[in-house]
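Residue numbers (our numbering): 1 to 136.
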């Protein structure tokens, strides 16, 4: 009489497991494909929102010479960082992991591809439609 075996374990052994380098390469290719998809310049990038309200109150005081205060926009323009600089900058908080299927916080990792998932239902969806099936 043969012992009972887990179908999930047998199936996991048959699946191809990617190493860390291959996972990074696949993730980079996926990001590049997303960046190239529907690529165009933002038509609203040059718009500047001004929140200055005109003052209509009269004042009889003498204007005294003050040092001209620099607006917050000056500092925003002067110390502006590019997207690449923001991405490369080290965060002060630990990395958060989200489910690749539904977007909820995830606790589990797919063994073959390294994608994150949060529950058995999302794992099933991932294995049926996503796991190692991404094409550029």
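Ideal placement from N, C-alpha and C gives every residue a C-beta, glycine not left out.
query: Backbone CA spacing between residue 29 and residue 35 [nearest angstrom]; result: 10 Å
query: For residue 98, the three-state DSSP class (helix, strand or coil); result: strand
query: The alpha helix (DSSP H) enclosing residue 111, as first and last residue numbers; result: Counting along the chain, residue 111 falls outside any alpha helix (DSSP H), and DSSP gives it neither H nor E.
query: Three-way DSSP call (helix, strand, coil) for residue 116 in this model; result: strand
query: Beta-carbon gap between residue 18 and residue 122 smaller than 8 Å; result: no
query: Chain-order list of residues whose beta-carbon lies under 7 Å from that of residue 99 (same chain, five-residue window excluded); result: 106, 116, 117, 118 and 122
query: Proximity of residue 126 and residue 110 at Cβ, strictly below 8 Å; result: yes
query: Proximal residues to residue 74 (C-beta, below 6 Å), its chain only, five neighbours per side dropped; result: none
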